[in-house]
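Numbering (this note's numbering), first residue to last: 1 to 255.
So this is what it looks like as C-alpha coordinates:
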(Lines of atoms letter the chains of each structure in order from A and count residues from 1; the text may use other names and numbers.)
(Lines give C-alpha, C1' and ligand atoms only; values in the text may rest on other atoms or scores of the structure.)
Protein backbone atom coordinates (compact mmCIF):
# COMPACT_ATOMS: atom_id res chain seq x y z
CA UNK A 1 0.00 0.00 0.00
CA UNK A 2 2.72 2.57 0.79
CA UNK A 3 4.31 1.83 -2.58
CA UNK A 4 0.99 2.34 -4.34
CA UNK A 5 0.54 5.60 -2.44
CA UNK A 6 3.93 6.85 -3.65
CA UNK A 7 3.07 5.91 -7.23
CA UNK A 8 -0.10 7.98 -6.94
CA UNK A 9 1.82 10.94 -5.53
CA UNK A 10 4.41 10.77 -8.32
CA UNK A 11 1.64 10.58 -10.92
CA UNK A 12 0.02 13.62 -9.34
CA UNK A 13 3.32 15.50 -9.49
CA UNK A 14 3.68 14.50 -13.14
CA UNK A 15 0.24 15.92 -13.90
CA UNK A 16 1.11 19.16 -12.12
CA UNK A 17 4.34 19.46 -14.11
CA UNK A 18 2.76 18.65 -17.47
CA UNK A 19 0.10 21.30 -16.89
CA UNK A 20 2.73 24.07 -16.73
CA UNK A 21 5.27 25.41 -19.19
CA UNK A 22 8.19 25.32 -16.74
CA UNK A 23 9.69 22.02 -17.85
CA UNK A 24 9.89 22.84 -21.55
CA UNK A 25 10.57 26.54 -21.00
CA UNK A 26 13.78 25.52 -19.24
CA UNK A 27 14.58 22.67 -21.64
CA UNK A 28 14.53 24.80 -24.81
CA UNK A 29 17.34 27.21 -23.82
CA UNK A 30 19.25 24.30 -22.31
CA UNK A 31 19.39 22.34 -25.57
CA UNK A 32 20.13 25.46 -27.63
CA UNK A 33 23.01 26.42 -25.36
CA UNK A 34 24.29 22.86 -25.46
CA UNK A 35 24.29 23.00 -29.26
CA UNK A 36 26.08 26.37 -29.24
CA UNK A 37 28.78 25.30 -26.78
CA UNK A 38 29.70 22.19 -28.76
CA UNK A 39 29.53 24.04 -32.09
CA UNK A 40 32.22 26.51 -31.02
CA UNK A 41 34.30 23.99 -29.08
CA UNK A 42 37.57 22.74 -30.49
CA UNK A 43 37.82 19.83 -28.07
CA UNK A 44 37.14 16.16 -28.72
CA UNK A 45 33.53 15.07 -28.96
CA UNK A 46 33.34 13.68 -25.42
CA UNK A 47 35.02 16.71 -23.86
CA UNK A 48 32.87 19.12 -25.87
CA UNK A 49 29.69 17.37 -24.76
CA UNK A 50 30.94 17.29 -21.16
CA UNK A 51 31.61 21.03 -21.25
CA UNK A 52 28.14 21.64 -22.64
CA UNK A 53 26.54 19.50 -19.93
CA UNK A 54 28.48 21.42 -17.29
CA UNK A 55 27.36 24.71 -18.78
CA UNK A 56 23.63 23.94 -18.87
CA UNK A 57 23.36 21.87 -15.65
CA UNK A 58 21.84 24.81 -13.68
CA UNK A 59 18.66 24.42 -15.74
CA UNK A 60 18.06 21.04 -14.11
CA UNK A 61 18.61 22.55 -10.67
CA UNK A 62 16.22 25.42 -11.39
CA UNK A 63 13.59 22.95 -12.59
CA UNK A 64 13.88 21.12 -9.28
CA UNK A 65 13.35 24.40 -7.43
CA UNK A 66 10.28 25.24 -9.51
CA UNK A 67 8.92 21.70 -9.10
CA UNK A 68 9.06 22.13 -5.33
CA UNK A 69 8.43 25.80 -4.67
CA UNK A 70 5.83 26.65 -7.32
CA UNK A 71 3.08 25.31 -5.08
CA UNK A 72 3.98 27.88 -2.44
CA UNK A 73 3.66 30.65 -5.02
CA UNK A 74 0.36 29.29 -6.35
CA UNK A 75 -0.91 28.58 -2.82
CA UNK A 76 -1.71 24.96 -3.62
CA UNK A 77 0.75 23.49 -1.14
CA UNK A 78 -1.89 23.26 1.62
CA UNK A 79 -4.09 21.04 -0.53
CA UNK A 80 -1.12 18.89 -1.51
CA UNK A 81 -0.14 18.40 2.13
CA UNK A 82 -3.68 17.51 3.13
CA UNK A 83 -4.16 14.96 0.35
CA UNK A 84 -0.76 13.29 0.80
CA UNK A 85 -0.22 10.57 3.43
CA UNK A 86 2.60 12.68 4.85
CA UNK A 87 4.73 15.70 4.08
CA UNK A 88 7.87 13.62 3.73
CA UNK A 89 6.15 11.39 1.17
CA UNK A 90 5.11 14.45 -0.83
CA UNK A 91 8.70 15.72 -0.87
CA UNK A 92 9.96 12.31 -1.98
CA UNK A 93 7.37 12.24 -4.78
CA UNK A 94 8.63 15.62 -5.98
CA UNK A 95 12.19 14.27 -5.76
CA UNK A 96 11.30 11.26 -7.91
CA UNK A 97 9.52 13.36 -10.53
CA UNK A 98 12.26 16.00 -10.66
CA UNK A 99 14.98 13.35 -10.91
CA UNK A 100 13.24 11.80 -13.90
CA UNK A 101 12.83 15.13 -15.66
CA UNK A 102 16.42 16.12 -14.84
CA UNK A 103 17.72 12.88 -16.33
CA UNK A 104 15.55 13.55 -19.36
CA UNK A 105 17.18 16.94 -19.78
CA UNK A 106 20.60 15.30 -20.13
CA UNK A 107 19.21 12.66 -22.48
CA UNK A 108 17.84 15.37 -24.78
CA UNK A 109 20.83 17.72 -24.48
CA UNK A 110 23.47 15.20 -25.57
CA UNK A 111 22.09 14.66 -29.12
CA UNK A 112 21.90 18.43 -29.57
CA UNK A 113 25.49 18.61 -28.37
CA UNK A 114 26.50 16.09 -31.02
CA UNK A 115 24.55 18.06 -33.61
CA UNK A 116 26.52 21.14 -32.60
CA UNK A 117 29.76 19.27 -33.19
CA UNK A 118 28.61 18.36 -36.70
CA UNK A 119 27.38 21.88 -37.48
CA UNK A 120 30.65 23.31 -36.17
CA UNK A 121 32.57 21.19 -38.67
CA UNK A 122 34.43 19.22 -35.98
CA UNK A 123 35.35 15.56 -36.24
CA UNK A 124 33.66 13.04 -33.97
CA UNK A 125 36.84 10.98 -33.68
CA UNK A 126 37.27 7.22 -33.37
CA UNK A 127 35.71 5.63 -30.32
CA UNK A 128 33.71 8.76 -29.59
CA UNK A 129 30.35 6.98 -29.69
CA UNK A 130 31.02 4.63 -26.78
CA UNK A 131 32.50 7.43 -24.66
CA UNK A 132 29.62 9.78 -25.38
CA UNK A 133 27.13 6.99 -24.63
CA UNK A 134 28.72 6.46 -21.23
CA UNK A 135 28.85 10.21 -20.70
CA UNK A 136 25.13 10.39 -21.45
CA UNK A 137 24.38 7.92 -18.67
CA UNK A 138 26.64 9.76 -16.23
CA UNK A 139 25.09 13.05 -17.30
CA UNK A 140 21.62 11.69 -16.65
CA UNK A 141 22.64 10.77 -13.10
CA UNK A 142 24.27 14.17 -12.50
CA UNK A 143 21.28 16.08 -13.87
CA UNK A 144 18.89 13.95 -11.82
CA UNK A 145 20.93 14.84 -8.73
CA UNK A 146 20.89 18.54 -9.66
CA UNK A 147 17.09 18.41 -9.91
CA UNK A 148 16.95 16.66 -6.53
CA UNK A 149 19.13 19.37 -4.99
CA UNK A 150 16.75 21.95 -6.45
CA UNK A 151 13.74 20.23 -4.86
CA UNK A 152 15.46 20.19 -1.48
CA UNK A 153 16.31 23.88 -1.67
CA UNK A 154 12.85 24.79 -2.93
CA UNK A 155 11.11 22.93 -0.12
CA UNK A 156 13.51 24.30 2.49
CA UNK A 157 13.15 27.95 1.46
CA UNK A 158 9.49 27.76 0.48
CA UNK A 159 9.59 30.81 -1.77
CA UNK A 160 10.08 30.22 -5.49
CA UNK A 161 11.82 33.48 -6.35
CA UNK A 162 14.09 33.36 -3.31
CA UNK A 163 14.96 29.71 -3.96
CA UNK A 164 15.78 30.31 -7.64
CA UNK A 165 17.92 33.34 -6.76
CA UNK A 166 19.71 31.29 -4.10
CA UNK A 167 20.58 28.56 -6.58
CA UNK A 168 21.67 30.98 -9.31
CA UNK A 169 23.79 33.10 -6.96
CA UNK A 170 25.45 30.05 -5.47
CA UNK A 171 26.29 28.52 -8.85
CA UNK A 172 27.57 31.76 -10.37
CA UNK A 173 29.23 33.50 -7.43
CA UNK A 174 29.20 31.92 -3.98
CA UNK A 175 31.02 28.70 -4.79
CA UNK A 176 33.60 30.67 -6.77
CA UNK A 177 34.29 32.85 -3.73
CA UNK A 178 34.50 29.81 -1.45
CA UNK A 179 36.97 28.14 -3.80
CA UNK A 180 39.17 31.22 -4.11
CA UNK A 181 39.26 31.70 -0.34
CA UNK A 182 40.10 28.04 0.22
CA UNK A 183 42.93 28.22 -2.32
CA UNK A 184 44.42 31.55 -1.30
CA UNK A 185 43.92 31.35 2.46
CA UNK A 186 44.23 27.63 3.21
CA UNK A 187 46.09 26.41 0.07
CA UNK A 188 43.39 23.79 -0.55
CA UNK A 189 43.90 23.55 -4.29
CA UNK A 190 41.54 20.63 -4.89
CA UNK A 191 38.71 21.88 -2.68
CA UNK A 192 36.52 22.57 -5.70
CA UNK A 193 36.08 18.86 -6.37
CA UNK A 194 34.38 18.52 -2.98
CA UNK A 195 31.98 21.44 -3.36
CA UNK A 196 28.51 20.89 -4.84
CA UNK A 197 29.00 22.38 -8.31
CA UNK A 198 32.65 21.40 -8.46
CA UNK A 199 31.97 17.75 -7.65
CA UNK A 200 29.20 17.60 -10.28
CA UNK A 201 31.39 19.29 -12.90
CA UNK A 202 34.39 17.10 -12.14
CA UNK A 203 32.24 13.98 -12.46
CA UNK A 204 31.44 14.90 -16.06
CA UNK A 205 34.92 16.18 -16.81
CA UNK A 206 36.68 13.19 -15.30
CA UNK A 207 34.55 10.71 -17.18
CA UNK A 208 35.19 12.56 -20.44
CA UNK A 209 38.94 12.47 -19.79
CA UNK A 210 39.47 16.22 -19.34
CA UNK A 211 40.64 16.72 -15.76
CA UNK A 212 41.02 20.48 -16.11
CA UNK A 213 37.55 21.37 -17.36
CA UNK A 214 36.38 24.72 -16.00
CA UNK A 215 39.20 24.68 -13.44
CA UNK A 216 40.10 28.05 -11.88
CA UNK A 217 43.80 27.39 -11.56
CA UNK A 218 45.75 25.05 -13.78
CA UNK A 219 47.84 22.69 -11.67
CA UNK A 220 49.55 19.95 -13.72
CA UNK A 221 50.86 18.21 -10.61
CA UNK A 222 47.52 18.26 -8.82
CA UNK A 223 46.11 14.86 -7.95
CA UNK A 224 42.67 14.77 -9.51
CA UNK A 225 39.90 12.91 -7.71
CA UNK A 226 38.36 10.09 -9.80
CA UNK A 227 35.00 10.89 -11.36
CA UNK A 228 33.15 8.19 -9.44
CA UNK A 229 34.39 9.63 -6.13
CA UNK A 230 33.16 13.12 -6.97
CA UNK A 231 29.85 11.56 -8.06
CA UNK A 232 29.52 10.01 -4.60
CA UNK A 233 30.32 13.42 -3.07
CA UNK A 234 27.56 15.02 -5.12
CA UNK A 235 25.17 12.23 -4.11
CA UNK A 236 25.89 13.21 -0.52
CA UNK A 237 24.95 16.83 -1.20
CA UNK A 238 21.73 15.69 -2.88
CA UNK A 239 20.86 13.56 0.16
CA UNK A 240 21.50 16.49 2.49
CA UNK A 241 19.31 18.72 0.31
CA UNK A 242 16.45 16.20 0.44
CA UNK A 243 16.72 15.89 4.22
CA UNK A 244 16.72 19.68 4.49
CA UNK A 245 13.66 19.89 2.27
CA UNK A 246 11.83 17.30 4.35
CA UNK A 247 12.76 19.13 7.56
CA UNK A 248 11.53 22.41 6.09
CA UNK A 249 8.26 20.80 5.00
CA UNK A 250 7.68 19.17 8.39
CA UNK A 251 8.21 22.32 10.42
CA UNK A 252 6.66 24.98 8.19
CA UNK A 253 3.28 26.40 9.18
CA UNK A 254 1.19 26.72 6.02
CA UNK A 255 -2.04 27.95 7.58
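Beta carbons: idealized from backbone N, C-alpha and C, even for Gly.
These numbers were taken from a predicted model, which means no experiment stands behind them.
Minimum C-alpha distance to residue i - residue among the options
i: residue 68; options: 158, 178 and 146; result: 158
i: residue 21; options: 175, 129 and 63; result: 63
i: residue 135; options: 231, 42 and 188; result: 231
i: residue 202; options: 115, 57 and 186; result: 57
i: residue 23; options: 120, 176 and 99; result: 99
i: residue 94; options: 234, 11 and 175; result: 11
i: residue 234; options: 251, 144 and 177; result: 144
i: residue 85; options: 129, 176, 6 and 97; result: 6
Own chain, CB closer than 7 Å to residue i, minus 5 neighbours either side, in chain order
i: residue 166; result: 153 and 157
i: residue 76; result: none
i: residue 221; result: Here the model assigns residue 221 a pLDDT of 38, short of 50, so the residue's position is not dependable, and the following value carries that caveat. Cβ within range, chain order: n/a, list empty.
With 16 other Cβ atoms within 10 Å as the buried cut-off, status of residue i
i: residue 87; result: buried
i: residue 19; result: exposed
i: residue 181; result: exposed
i: residue 39; result: buried
i: residue 132; result: buried
i: residue 196; result: buried
i: residue 79; result: exposed
i: residue 240; result: exposed
Residues near residue i by beta carbon distance below 8 Å, same chain, minus five either side
i: residue 114; result: 38, 45, 49, 124 and 132
i: residue 227; result: 138, 202, 203, 204, 205, 206 and 207
Close Cβ partners of residue i (< 6 Å) along its chain, the five nearest in sequence each way excluded
i: residue 66; result: 22
Cutoff 7 Å: residue i Cβ touching any chain C Cβ
i: residue 237; result: Protein chains in the displayed structure number just one, and chain C is not present.
Segments assigned alpha helix (DSSP H), at least 4 residues, entirely inside the region 57 to 106: 77 to 83
Beta strand (DSSP E) runs contained entirely in the region 144 to 199, provided each spans 3 or more residues: none
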